[in-house]
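Asker:
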Amino acid sequence: KMSIRSLPPKRKKMTEQRSTNGKSSSSSSSTTTSNNTNTYTDELTVGLVQMSPVWLNREATTGKMIAYIPEAAEKKCNLLIFGEALLPGYPFWLDFTDGAKFNSSTQKEIHAHYMNQAVCIESGHLDPFCDGASQYSMAIVVGCIERPLDRGGHSLYCSLVYINTEGEIESVHRKLMPTYEERLTWSAGDGHGLVVHPLQKFTVGALNCWENWMPLARSALYAQGEDLHIALWPGNVRNTTDISRFIAQESRSYVLSVCGLMYPDNIPEDVPFADLIKENAPLWLANGGTCIVSPDGSWILEPVVHKEGLFTATIDHKEVRKERQNFDLAGHYSRPDVLKLHVNRKRQSTVEFED
3 KMSIRSLPPK RKKMTEQRST NGKSSSSSSS TTTSNNTNTY TDELTVGLVQ
53 MSPVWLNREA TTGKMIAYIP EAAEKKCNLL IFGEALLPGY PFWLDFTDGA
103 KFNSSTQKEI HAHYMNQAVC IESGHLDPFC DGASQYSMAI VVGCIERPLD
153 RGGHSLYCSL VYINTEGEIE SVHRKLMPTY EERLTWSAGD GHGLVVHPLQ
203 KFTVGALNCW ENWMPLARSA LYAQGEDLHI ALWPGNVRNT TDISRFIAQE
253 SRSYVLSVCG LMYPDNIPED VPFADLIKEN APLWLANGGT CIVSPDGSWI
303 LEPVVHKEGL FTATIDHKEV RKERQNFDLA GHYSRPDVLK LHVNRKRQST
353 VEFED
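Take the sequence shown: its letters are residues 3 to 357, numbered as in our numbering.
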């Protein structure tokens with residue numbers, strides 16, 4: 003059986019130059035992932051990208067995204083994160099084009115375009131991110147719309163991809179349950195991506211959007227030692243203000259909520275029914291909300307609204323250890339003899355072949 007972890011990324015050097023106007027802040031150090039945490043200091047520099055896509059254009063959006071990689075490297079980032087479904091974009095059209103109308107020719111036309119612009123990892127669509135991660139020894143998290151061949155190649159999944167500092171795709175988490183209207187265009191994922199990754203002294207886990215409200219999904223990550231939680235969002239400050247601090251206080255972990263931006267002007271003319279979408283759209287469709295919370299629930303970066311750019315901070319693992327002194331819900335404050343979670347991490351498929 004083929005695993006996404008076995009796909010070899012390309013090793014070409016990145017030569018792309020920055021072509022967008024991003025804004026930024028902060029600093030610290032960079033090195034390769036290892037399970038030997040004693041070789042690292044407590045500090046890790048993280049970069050959160052809040053940006054609008056070149057909506058439903060995979061190639062152009064990829065170009066805009068990877069332009070942030072050398073900027074993040076300049077600021078000594080060890081980890082760079084992009085928001086939910088950013089590549090090639092969130093399905094905003096559903097709200098403005100009668101998305102639930104059955105057998106609609108309008109919906110079929112837009113969906114066909116969306117599928118054509120989606121990410122097929124097996125075809126190398128994420129190679130530029132793997133190259134950048136390898137070149138700069140930087141872990142990268144990408145939120146994308148995936149069109150996976152292991153499910154036939156004709157259904158779409160909201161996926162969260164973790165690329166390690168050697169440029170290897172370590173995990174692809176497909177959103178467990180699309181939210182509300184998302185179910186009109188995205189498929190339900192599985193537990194295969196409910197994994198964590200060592201990054202210097204930290205253990206990194208991530209969930210998409212309203213998955214972050216699912217206590218059992220969070221618990222699956224906590225139980226594996228997660229102490230740096232990434233929450234990807236399409237972009238709205240109302241989504242991140244409360245839950246980011248709640249998860250930090252519940253888990254005694256750092257929480258990085260990373261969001262997108264979207265305005266009617268970001269809708270290209272070549273998108274089917276672009277005029278109809280723009281006509282019914284509000285002044286903004288996603289206003290950001292990117293933020294960082296420390297393990298005690300205090301703000302490191304308060305939610306950023308209507309501002310595009312790279313936002314960086316240096317976090318300290320010692321703060322995790324301090325907060326776990328009185329509450330560690332997967333350790334000394336757990337009762338596995340009373341409460342226990344079962345997680346199925348098998349990649350789901352409709353067929354198993356025996357040759």
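Every residue gets a Cβ at the ideal spot worked out from N, C-alpha and C, and that includes glycine.
Considering Cα atoms alone, identify which of E45, E76, D192 and Q52 is closest to P305.
Answerer: What you label residue 305 is simply residue 303 of the sequence shown in a count that begins at 1. Of E45, E76, D192 and Q52, the residue nearest in Cα terms is Q52.
Asker: So, is Q109 buried or exposed, given that buried needs 16 or more other C-beta atoms within 10 angstroms?
Answerer: On the sequence shown, position 107 is the one that residue 109 refers to. So Q109 counts as buried.
Asker: Would you identify the three-state DSSP class for F98, choosing helix, strand or coil?
Answerer: Counted from its first residue, the sequence shown places residue 98 at position 96. Coil at F98, not helix or strand.
Asker: What I want to know is whether the C-beta of C122 ends up closer than 7 Å to one or more non-hydrogen atoms of the ligand FAD.
Answerer: Summarising the ligand content, the structure contains no ligands, and the ligand FAD is consequently not present.
Asker: When burial is assigned at 16 or more other CB atoms within 10 Å of the CB, is Y70 buried or exposed?
Answerer: The residue given as residue 70 occupies position 68 in the sequence shown. Buried, by the Cβ-count rule.
Asker: Kindly indicate which residue of V143, D152 and R185 has the alpha-carbon position closest to the one of H231.
Answerer: For the purposes of this step, residue 231 is identified with residue 229 of the sequence shown, where counting begins at 1. Closest by alpha carbon: V143.
Asker: Which of the three DSSP states, helix, strand or coil, is assigned to E304?
Answerer: As a first step, residue 304 is located in the sequence shown; it is residue number 302 there, counting from the start. Note: E304 maps to strand in three-state DSSP.
Asker: Got a sec? Which residues, its chain only, sit under 8 Å from N289 by beta carbon, not counting five neighbours each side?
Answerer: Working through the sequence shown from its first residue, we reach residue 289 at position 287. G237, N238, V239, L263, V307 and H308, listed in sequence order.
Asker: Please name the residue, chosen from M216, A102, P200 and Y116, that lies closest to N59 on a Cα-to-Cα basis.
Answerer: Start at 1 with the first residue of the sequence shown, and residue 59 comes out as number 57. Nearest option by C-alpha distance: Y116.
Asker: P73 by DSSP, collapsed to three states: which one?
Answerer: Position 71 of the sequence shown, counting from 1, holds the residue named residue 73. Sequence inspection shows Glu at residue 73; the Pro mentioned does not correspond to that position. Correct three-state label for E73: helix.
Asker: What span of residues does the alpha helix (DSSP H) with T108 cover, start to end?
Answerer: If you number the sequence shown from 1, residue 108 lands on position 106. From DSSP, the alpha helix (DSSP H) with T108 extends over S107 to Q119.
Asker: The beta strand (DSSP E) spanning S139 covers which residue range?
Answerer: In the sequence shown, the residue the question calls residue 139 occupies position 137. Looking at the DSSP string, S139 is not in any beta strand (DSSP E), and its letter there is neither H nor E.
Asker: Give me the residue from T187, H127, P130 and S173 with the minimum Cα distance to A114.
Answerer: Taking the sequence shown and counting its residues from 1, one reaches residue 114 at position 112. It is T187 whose Cα lies nearest to the Cα of A114.
Asker: Which residue comes first and which comes last in the alpha helix (DSSP H) that contains I279?
Answerer: For the purposes of this step, residue 279 is taken as residue 277 along the sequence shown, with counting starting at 1. It spans A276 to N282 - the alpha helix (DSSP H) in which I279 sits, taken as one unbroken run.
Asker: Could you work out which residue in E183, L88 and N118 is closest to G65 when comparing CA atoms only?
Answerer: Residue 65 sits at position 63 when you count from the first residue of the sequence shown. If we check each option's Cα against that of G65, L88 comes out closest.
Asker: So, for V174: in the same chain, excluding its five sequence neighbours on each side, which residues have a beta-carbon less than 6 Å away from its beta-carbon?
Answerer: Working through the sequence shown from its first residue, we reach residue 174 at position 172. Hits under 6 Å: I6, S161, V163 and G195.
Asker: For N346, does the count of other Cβ atoms within 10 angstroms reach 16, so buried, or fall short, so exposed?
Answerer: Locating residue 346 in the sequence shown gives position 344, where the first residue counts as 1. Counting Cβ neighbours within 10 Å, N346 comes out exposed, since fewer than 16 surround it.
Asker: If you draw a straight line from the C-alpha of V260 to the C-alpha of E86, how long is it?
Answerer: Counting from 1 along the sequence shown, the entry for residue 260 is found at position 258. Counting from 1 along the sequence shown, the entry for residue 86 is found at position 84. Using only the alpha carbons, I get a separation of about 8 Å.
Asker: Excluding five sequence neighbours on each side, which residues of the same chain lie with their C-beta closer than 7 Å to the C-beta of P180?
Answerer: As a first step, residue 180 is located in the sequence shown; it is residue number 178 there, counting from the start. The residues are C160, W188 and A190.
Asker: Got a sec, what are the start and stop residues for the beta strand (DSSP E) L46 sits in?
Answerer: Reading the sequence shown from its first residue, position 44 is the one you call residue 46. Looking at the DSSP string, the run of the beta strand (DSSP E) that includes L46 is E45 to Q52.
Asker: Just to confirm, are P55 and G91 a CB contact at a threshold of 8 Å?
Answerer: Working through the sequence shown from its first residue, we reach residue 55 at position 53. Working through the sequence shown from its first residue, we reach residue 91 at position 89. Contact flag set, yes.
Asker: Using three-state DSSP, classify T316 as helix, strand or coil.
Answerer: By one-based count along the sequence shown, residue 316 stands at place 314. Correct three-state label for T316: strand.
Asker: Going by C-alpha distance, which of H334, T314, N268 and R254 is nearest S296?
Answerer: Taking the sequence shown and counting its residues from 1, one reaches residue 296 at position 294. Selected option, being the one with the closest Cα: R254.
Asker: Rounded to the nearest angstrom, what separates Q327 and R220 at their Cα positions?
Answerer: Reading the sequence shown from its first residue, position 325 is the one you call residue 327. Reading the sequence shown from its first residue, position 218 is the one you call residue 220. Distance between the alpha carbons of Q327 and R220: 20 Å.
Asker: Could you check if N37 is buried or exposed, using at least 16 other CB atoms within 10 Å of its CB as the buried criterion?
Answerer: As a first step, residue 37 must be located in the sequence shown, where it is residue number 35. Only weak support exists for where N37 lies, its pLDDT of 47 falling under 50; the coordinates are left without a value.
Asker: In whole angstroms, give me the CA-to-CA distance for N23 and Q202.
Answerer: The sequence position of residue 23 within the sequence shown is 21, counting from 1. The sequence position of residue 202 within the sequence shown is 200, counting from 1. Reliability fails at N23, whose pLDDT of 31 lies under 50, so the model's placement of it is uncertain and the value that follows must be treated cautiously. Rounded to the nearest angstrom, the two C-alpha atoms are 31 Å apart.
Asker: Looking only at its own chain, which residues have a Cβ that is under 6 Å from the Cβ of E111, when we skip the five neighbours before and after it?
Answerer: Looking up residue 111 in the sequence shown gives position 109. Only P274 meet the Cβ criterion.
Asker: Look at the alpha carbon of S136 and the alpha carbon of D277, and state the distance between them as a whole number of angstroms.
Answerer: Walking along the sequence shown from the start, residue 136 turns up at place 134. Walking along the sequence shown from the start, residue 277 turns up at place 275. Computed Cα separation, rounded: 41 Å.
Asker: Specify the secondary structure class of N37 as computed by DSSP and reduced to three states.
Answerer: Here residue 37 refers to the residue found at position 35 when the sequence shown is read from its first residue. Below a pLDDT of 50, predicted positions are generally treated as unreliable, and N37, at 47, falls in that range; the measurement from the model is reported next regardless. The answer is coil: DSSP assigns N37 none of H, G, I, E or B.
Asker: Hey, quick one: how far does the alpha helix (DSSP H) through G154 stretch, first residue to last?
Answerer: Counting from 1 along the sequence shown, the entry for residue 154 is found at position 152. That residue, G154, is in no alpha helix (DSSP H); it is neither H nor E in DSSP.
Asker: Ordered along the chain, which non-local residues of its own chain (more than five positions away) have a Cβ less than 6 Å from that of T243?
Answerer: The residue given as residue 243 occupies position 241 in the sequence shown. So the list reads P305, once near-sequence residues are dropped.
Asker: Give a yes or no on whether the C-beta atoms belonging to A222 and L331 are separated by under 8 Å.
Answerer: In the sequence shown, counting from the first residue as 1, residue 222 sits at position 220. In the sequence shown, counting from the first residue as 1, residue 331 sits at position 329. No, Cβ-Cβ distance for A222 and L331 is not below 8 Å.
Asker: Between I269, N166, W286 and Y256, which has its C-alpha nearest G299's C-alpha?
Answerer: By 1-based counting over the sequence shown, the position of residue 299 is 297. G299 has its Cα closest to that of Y256, out of I269, N166, W286 and Y256.
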